[in-house]
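Just so we're aligned: the sequence shown equals residues 0 to 193 in numbering that gives the first Met the number 0.
Just so you know, even glycine gets a beta-carbon here, dropped at the ideal spot from N, CA and C.
This structure is a prediction, so every number in the text was calculated from the model and none was measured.
The structure appears below as structure tokens.
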Amino acid sequence: MTDVTVSFLQQLSPKDLRPSAKRLPDGARIELARNISPEFSRFLYRSVGSHLNWSDRLTQTRQQWDAVLRKEGSETYVLYREGSPAGYVELCSEAEAGGTAVEIFYFGLFPEATGQGLGGVLLTEALRKAWSMHERWPNLAAVSRVWLHTCDLDGPAALPNYLARGFHVYRTETEDSVVTDASVGLWPEPEAQH
């Protein structure tokens, strides 16, 4: 068991958004993955999260994974660079008193895409899409809150990026966690040299 500090952050108005000053470089785009398959979603999750020990969804069946993707107000946006995925964000909506809460359920970059300013650009676009979720999903009430949680196992740029985009920490807690090596099974072990 390891003590892990979890920070919960939120924005309560689209006016809280502080956009990144950077822009997408040539050859990069952010695209909604319409009708995303569980296989592609799992690929994105593993590609971003394996080095961050994301393992909470790895025990889900295909049907369980698909149910999250098909839920009203769920959207996945993929950052592509030169035609290849470089990061993604998964948004999930829930009704709550006063409107719709949109959670940035998963967010991150592939390891080779970090440190290039892409995280701020992707998060800016994710927040714009989160705040306008009810415009694309007519059965949802207007968005009243966008939130996420992160922990001290996340990448070192995660919390500073969230704060720079206008999120505010509204709660922290420490929990005992079993940290699982999420990279197990991602790639086969190299064969021993004889």
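Less than 6 angstroms between C-beta atoms, sequence neighbours within five positions excluded: which residues of the same chain meet that for residue i?
{"i": "lysine 70", "result": "none"}
{"i": "tyrosine 76", "result": "Ile29, Leu31 and Val88"}
{"i": "proline 84", "result": "Val77"}
{"i": "tryptophan 64", "result": "Pro37"}
Within the same chain, show all residues whose beta-carbon is closer than 7 angstroms to that of residue i, passing over the 5 residues directly before and after it, in chain order.
{"i": "histidine 133", "result": "Thr99, Leu139, Ala140, Ala141 and Val142"}
{"i": "arginine 17", "result": "Ala163, Arg164 and Gly165"}
How far does the beta strand (DSSP E) with residue i in it reach, from first residue to last?
{"i": "glycine 107", "result": "98-108"}
{"i": "arginine 205", "result": "In the structure as shown, the chain starts at 0 and stops at 193, and residue 205 therefore has no counterpart that could be examined."}
{"i": "leucine 8", "result": "1-10"}
Please go through the same chain and pick out, in chain order, the residues whose beta-carbon is closer than 8 angstroms to the beta-carbon of residue i, but skip the five residues on each side of it.
{"i": "asparagine 160", "result": "Gly118, Gly119 and Leu122"}
{"i": "arginine 41", "result": "Arg56 and Trp64"}
So if DSSP puts residue i in a beta bridge, which residue, or which two residues, is it bridged to?
{"i": "isoleucine 29", "result": "Leu78"}
{"i": "leucine 90", "result": "Glu74 and Ile103"}
Looking at the secondary structure, which residues open and close the alpha helix (DSSP H) in which residue i lies?
{"i": "serine 40", "result": "37-48"}
{"i": "asparagine 138", "result": "First-last for asparagine 138: undefined, no H or E at that position."}
{"i": "glutamate 111", "result": "Premise fails: glutamate 111 is in no alpha helix (DSSP H) and is neither H nor E."}
Tell me whether the stretch 16-28 and the stretch 112-129 touch, counting them as touching only if at least three CB pairs, one residue from each stretch, are closer than 8 angstroms.
Result yes; three or more Cβ-Cβ pairs closer than 8 angstroms.
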